[in-house]
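Peer 1: In terms of our numbering, the sequence shown is residues 3 to 381.
Glycine residues also receive a C-beta, built at the ideal position from the N, C-alpha and C atoms.
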Amino acid sequence: MTILNRTKKDIMSLYESKSSNISIDEENQLLKSSLNYLKAELNKFKELPLLVCDVKKVIGEKAVIKLPNGSQFLVNVSGGLNVNINDTVLTEQRSLTIIQKIEKTKNMDLEDFIVIQKPNVSWESIGGLKEQINELKEVVELPLKNPALFKEIGIDPPKGVLLYGEPGTGKTLLAKAVATSANATFIEVVASELVQKFIGEGAKLVRDLFSLARDRAPSIVFIDEIDALASERVDHGTGGEREVQRTFMQLLTEIDGFKNLDQVKIIAATNRFDVLDQALLRPGRFDRLIEITVPDNLARSEILNLYTKPMNSKGLELKEIVEKTEGFTGADLKSVCTEAGYFAIREQRTHVLHDDFLKAVDKAINTFGSDQESMEMFG
């Protein structure tokens, strides 16, 4: 009906643009043109769709193709078309004959699950964690900046680093800082995104992930919440658990397989170190296990200095705030500074007072206490 309305509109516009004494020949020409247009549009609805497939093997004048559902068929290739392994092709729906090659878009599916960026996080913007920063510089930054040094000594640098610790202690921030310092591409993915519904899809995403990392080298692959993928394996499980294990095995293969990672480093993060599979933790995969601890008094003082420096504050005594925030993580301290700013805004002030920080700390403690009580009640 839309096509008919559009054609009718074209005819009416032509009548309006010409004089009322339009010739019969012009009218016939317009009607023929409209009829041809309608026939072409109707033929589009009658045409069968073409299947997008991948060529797995070429056998003489025939080829083995793989359909999106995983099925494979030996099919004919239309005359004059030269196909090769891994080509993406269009096939006729009934006979599956290959009729056209199309350009293959690399990592088309992968881009829906990852974040690629050039971070801008300096080491100076991280408070505390001096020992952890030094370790990351040794095992990630130095091999990326000076790979010749390791060749001269005759050792292979570590392939991966595992950061583990409480939530909010700065694991992601450390990974971004080392990528900034090494001038490396930062590829971030959450492990749960690699677990897919259909067999083989998760493993394919892992392969594409590391292929992209090699193309963008020097690069750092940051896998957050890796416990969602690499928890300890069980002998028996559901189909979903088996698919998780297939994806996990592909990850192990990429880290410690035949293909050299070269200028690609892997950093993983987790708050559940206790559930990780031991196969992931052996030397040759994640060679360094770095614990990111809850900041002590000195570290909290450094973190608060960083967060309060750009704030317009008056009469702030950090020592008291540090003492009252025992057990707070870096993320908690940032939240306290933000909340203190809101207390000032509510009172229509453009500066933050020491009392605002004390109120923010008390509010945070009450919130954490409520969360803890809920966990104990339902846990």
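Shortest alpha-carbon distance to T93 belongs to which of K58, L52 and G332?
Peer 2: Locating residue 93 in the sequence shown gives position 91, where the first residue counts as 1. Of the candidates K58, L52 and G332, the one whose C-alpha sits nearest the C-alpha of T93 is L52.
Peer 1: According to the neighbour-count rule (16 or more other Cβ atoms, all chains shown, within 10 Å of its Cβ), is N368 buried or exposed?
Peer 2: To locate residue 368, count along the sequence shown from 1; it is residue 366. By the neighbour-count rule (16 or more Cβ atoms within 10 Å), N368 is not buried but exposed.
Peer 1: Who are the near neighbours of V192 in its chain, counting only those whose CB is closer than 7 Å to its CB and skipping five residues on each side?
Peer 2: For the purposes of this step, residue 192 is taken as the residue at position 190 of the sequence shown. So the list reads D226 and E227, once near-sequence residues are dropped.
Peer 1: Quick check on the burial criterion: 16 or more other C-beta atoms within 10 angstroms. Buried or exposed for L76?
Peer 2: By 1-based counting over the sequence shown, the position of residue 76 is 74. L76 should be labelled exposed.
Peer 1: Could you spell out where the beta strand (DSSP E) holding V77 opens and where it closes?
Peer 2: Here residue 77 refers to the residue found at position 75 of the sequence shown. Here the beta strand (DSSP E) through V77 covers Q74 to N78.
Peer 1: Leaving out five residues on either side along the sequence, give the residues of the same chain with a beta carbon under 6 Å from the beta carbon of F212.
Peer 2: Taking the first residue of the sequence shown as position 1, residue 212 is located at position 210. Here the set comprises E256.
Peer 1: Per DSSP, what kind of secondary structure is V246 in: helix, strand or coil?
Peer 2: Sequence index remark: in the sequence shown, residue 246 carries index 244 (1-based). DSSP places V246 in helix when its eight states are reduced to three.
Peer 1: Excluding sequence positions up to five away, which residues of its chain have a Cβ less than 6 Å from the Cβ of E143?
Peer 2: Looking up residue 143 in the sequence shown gives position 141. For E143, where only same-chain residues beyond five positions count, the Cβ hits under 6 Å are V180, S183 and A184.
Peer 1: How would you write the range of the beta strand (DSSP E) that S221 sits in, first residue to last?
Peer 2: The sequence position of residue 221 within the sequence shown is 219, counting from 1. Note, S221: beta strand (DSSP E), S221 to D226.
Peer 1: Mind reading off the beta-carbon distance from A346 to H353? Whole number of angstroms is fine, and I expect it under 8 Å.
Peer 2: The residue you call residue 346 lines up with position 344 of the sequence shown. The residue you call residue 353 lines up with position 351 of the sequence shown. With a Cβ gap of about 7 Å, A346 and H353 count as contacting.
Peer 1: What are the complete beta strand (DSSP E) segments, minimum 3 residues, inside the segment 241-316?
Peer 2: Qualifying beta strand (DSSP E) stretches, in chain order: 266-272 and 288-294.
Peer 1: What is the rounded straight-line gap between the Cα of L263 and the Cα of V123?
Peer 2: For the purposes of this step, residue 263 is identified with residue 261 of the sequence shown, where counting begins at 1. For the purposes of this step, residue 123 is identified with residue 121 of the sequence shown, where counting begins at 1. Each residue's Cα considered, the two are about 24 Å apart.
Peer 1: Going by beta carbon distance, what residues of the same chain come within less than 8 Å of Q95, once the five residues before and after it are set aside?
Peer 2: Position 93 of the sequence shown, counted from the start, is the residue given in the question as residue 95. Only L50, P51, L52 and L53 meet the Cβ criterion.
Peer 1: Select from L37, N30, V163 and T174 the residue whose C-alpha is nearest the C-alpha of K267.
Peer 2: The sequence position of residue 267 within the sequence shown is 265, counting from 1. Comparing Cα positions, the closest option is V163.
Peer 1: Could you spell out the range, first to last residue, of the alpha helix (DSSP H) harbouring F330?
Peer 2: For the purposes of this step, residue 330 is taken as residue 328 along the sequence shown, with counting starting at 1. Taken as a continuous stretch (DSSP letters only), F330 belongs to no alpha helix (DSSP H), as it is neither H nor E.
Peer 1: Could you say if the segment 267-276 and the segment 301-310 meet the contact criterion of at least three C-beta pairs nearer than 8 Å?
Peer 2: No, they do not touch.
Peer 1: Just tell me which of K365, E319, N273 and K58 has its CA closest to the CA of D334.
Peer 2: Residue 334 sits at position 332 when you count from the first residue of the sequence shown. Per the Cα distances, K365.
Peer 1: Can you pull the DSSP bridge partners for D56?
Peer 2: Position 54 of the sequence shown, counted from the start, is the residue given in the question as residue 56. D56 is bridged to K68 and T90.
Peer 1: May I ask you to list the residues that DSSP assigns as paired with G167?
Peer 2: For the purposes of this step, residue 167 is taken as the residue at position 165 of the sequence shown. DSSP lists I294 as partners of G167.
Peer 1: Do I118 and I189 have their beta-carbon atoms positioned less than 7 Å apart in this structure?
Peer 2: The count along the sequence shown starts at 1 and reaches residue 189 at position 187. The count along the sequence shown starts at 1 and reaches residue 118 at position 116. Yes; because the gap between Cβ atoms is below 7 Å, this pair is in contact.
Peer 1: On the three-state DSSP scale, how would you describe Q350?
Peer 2: Within the sequence shown, numbered from 1, the residue matching residue 350 stands at position 348. In this structure, Q350 counts as coil in the three-state DSSP scheme.
Peer 1: Helix, strand or coil for Q31? Go by DSSP, reduced to three states.
Peer 2: The residue labelled residue 31 in the question sits at position 29 within the sequence shown. Here Q31 sits in helix by DSSP.
Peer 1: Residues in its own chain within less than 6 Å of Q102 by CB, not counting five upstream and five downstream?
Peer 2: Within the sequence shown, the letter at position 100 stands for residue 102. Once the five neighbours on either side are set aside, the close Cβ partners of Q102 are L92.
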